[in-house]
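Presented below is the structure to which this report refers.
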Amino acid sequence: MMKGLKKWRLFALLTALIVFLSGCGKNYLSTLTPAGEVGREQHNLLLLATAIMTLVILVVVVIYVLAIVKFRRKKVGENVIPKQVEGSTTLEVLWTVIPIILLLILAVPTVALTYKFADTKAMDAKDADGKAKAVTVNVTAKLYWWQFEYPNEGIVTSQELVVPTGEKVYFNLKSGDVKHSFWIPTIGGKMDTNVENINKFYLEFDKESKDLETGVFYGKCAELCGPSHALMDFKVKTLSKADFNNWVSEMKASKNHVASGDLEKQGEDIFKTSCITCHAVSGDGKGTGIAPNLATFGDRNRVAGVLDHNKKEIKKWINDPQSVKPGNTMPQPEKINNGKKFSDQELDALAAYLMGLSVEK
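1 is the number of the first residue of the sequence shown in the UniProt record's numbering; add one for each residue after it.
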């Protein structure tokens, strides 16, 4: 009975492991499929550490098995005591020097890469015209959303980071409330965002995200920050340099957006009386910092970072944001709509207006 039970336990463990591993390997969210210089270097470091640990385990297991086989009682008898090696200078030197060597093999590249990725001096480099050479993004983490400001371009967006490929992109990381952590698993990271100081580092993006299964890379908050920490996602859209420059131009022009169609115009009117206090709909400038900038809402991959990007989910989010992300700072509709819920007609109008906020269509 017990043997059968143990077999089923092993089977259950293997099944759970297979299910767990089936979630690995997606090229838009896995650290095992790096798509940038930082991600590749970190991946190589992970492989080196794994190889060292595997070597140590194998050596220990081999010695352990040999000792069991060679000195088992059936072979050497009951009263045989193997040669004692306590105090052996040779062995003491070996198991002191070998771990030191292994630690050095791992420590040297780790320290070197740590300093390399922290080198952000090029962030301040300027060309002959006094313009910044590198793309810099000021990242502000909030409960539970992300703001991305491009100070050199004079634009701001939220929830979806847009960057050029083939060059280093520099980041200034800070938090607007509690400690968070900025992480794009496939590209590299992670680094904390703090309230009291700014952390700096860079990433490099190798390929355009349009060829990915979802059209974007996935970013996460990697620091437990509240009840909806697991839902604090953002997406990363990587473009060629030319397409990125076009996107910047369109973002600057978004301040001239005009709603089209009766339903969108109705939604714009509702938005201006209920939502405009917190949300900006122009990508030009620095943004309010109170709530996500919505200039590119129609271009996004997700609603609130986690819901499917369609009108049904937009209405669900507006009607009851706490049911989607508990603890978020978006008010319930009663607080901004004279003490009552939005009607279906009003929700349809707001959804139509928000889907029309686009710089890519």
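C-beta atoms are modelled at their ideal positions from N, C-alpha and C, and glycine is treated no differently.
A quick note: this is a predicted structure, and the numbers were derived from the prediction, not measured.
Pairwise C-alpha distance: residue j and residue i
i	j	result
isoleucine 105	threonine 54	14 Å
leucine 224	phenylalanine 182	12 Å
alanine 122	aspartate 129	16 Å
lysine 179	valine 195	7 Å
leucine 10	valine 61	22 Å
asparagine 338	isoleucine 270	12 Å
glutamine 322	isoleucine 314	13 Å
asparagine 256	glycine 283	10 Å
lysine 142	serine 175	6 Å
serine 274	glycine 285	22 Å
aspartate 192	arginine 300	25 Å
leucine 357	tyrosine 115	41 Å
glutamate 167	proline 109	23 Å
threonine 186	threonine 31	5 Å
histidine 309	valine 303	5 Å
glutamate 250	isoleucine 276	21 Å
lysine 131	alanine 125	8 Å
alanine 259	alanine 118	44 Å
leucine 48	threonine 288	45 Å
valine 59	isoleucine 98	12 Å
glycine 77	valine 69	13 Å
valine 169	threonine 120	10 Å
threonine 33	asparagine 197	31 Å
lysine 311	lysine 265	16 Å
valine 135	phenylalanine 297	22 Å
lysine 74	lysine 83	18 Å
lysine 340	histidine 229	29 Å
cysteine 221	glycine 87	51 Å
alanine 253	valine 56	59 Å
lysine 335	methionine 355	23 Å
asparagine 246	tryptophan 8	59 Å
phenylalanine 148	threonine 165	17 Å
asparagine 199	aspartate 177	15 Å
leucine 14	threonine 50	22 Å
asparagine 79	threonine 89	27 Å
lysine 272	glycine 261	17 Å
leucine 307	valine 111	40 Å
alanine 16	alanine 107	34 Å
valine 65	isoleucine 100	25 Å
Close-in-space but distant-in-sequence residues of the same chain around residue i (CB under 8 Å, 5 per side omitted)
i	result
alanine 12	none
valine 248	Tyr150, Glu153 and Ile155
threonine 329	Lys142, Leu143 and Ala291
alanine 67	none
Short CB-CB distance (under 8 Å) between residue i and chain C
i	result
aspartate 348	Absent from the structure: chain C. Only one protein chain is present.
Own chain, CB closer than 6 Å to residue i, minus 5 neighbours either side, in chain order
i	result
glycine 267	Ala349, Leu350, Ala352 and Tyr353
glutamine 345	none
proline 292	Trp145, Ser158 and Gln159
alanine 280	Gly287, Thr288 and Asn293
aspartate 127	Lys133
Heavy atom of the ligand FMN within 7 Å of residue i beta-carbon
i	result
leucine 32	The model on display carries no ligand, and the ligand FMN is accordingly not part of it.
Whole-Å CB distance - residue i paired with residue j, under 8 Å assumed
i	j	result
tryptophan 146	valine 139	7 Å
lysine 325	leucine 231	5 Å
isoleucine 184	glycine 219	5 Å
glycine 36	leucine 294	Actually they do not touch by this definition, with Cβ atoms about 28 Å apart.
phenylalanine 244	valine 359	With 8 Å as the limit, phenylalanine 244 and valine 359 do not qualify as a contact, their Cβ atoms being about 12 Å apart.
phenylalanine 171	phenylalanine 201	6 Å
phenylalanine 234	glutamate 160	7 Å
leucine 45	leucine 113	6 Å
valine 85	leucine 91	6 Å
proline 227	glycine 327	4 Å
proline 333	phenylalanine 342	5 Å
isoleucine 52	leucine 102	5 Å
Close beta carbons around residue i, own chain, < 7 Å, minus the five adjacent residues each side
i	result
leucine 347	Lys315, Ile318 and Asn319
glycine 188	Gly36, Val38, Gly39, Gln42 and Leu203
threonine 96	none
isoleucine 290	Cys278
phenylalanine 71	Pro82
lysine 190	Ser181, Phe182, Trp183 and Ala222
Three CB pairs or more closer than 8 Å across the segment 238-248 and the segment 200-210: yes
Complete alpha helix (DSSP H) runs within the segment 56-131 (minimum length 4 residues, chain order): 73-76 and 89-117
Completely contained alpha helix (DSSP H) runs for the segment 150-209, where each covers 4 or more residues: none
Complete beta strand (DSSP E) runs within the UniProt domain "Cytochrome c" (262-358) (minimum length 3 residues, chain order): none
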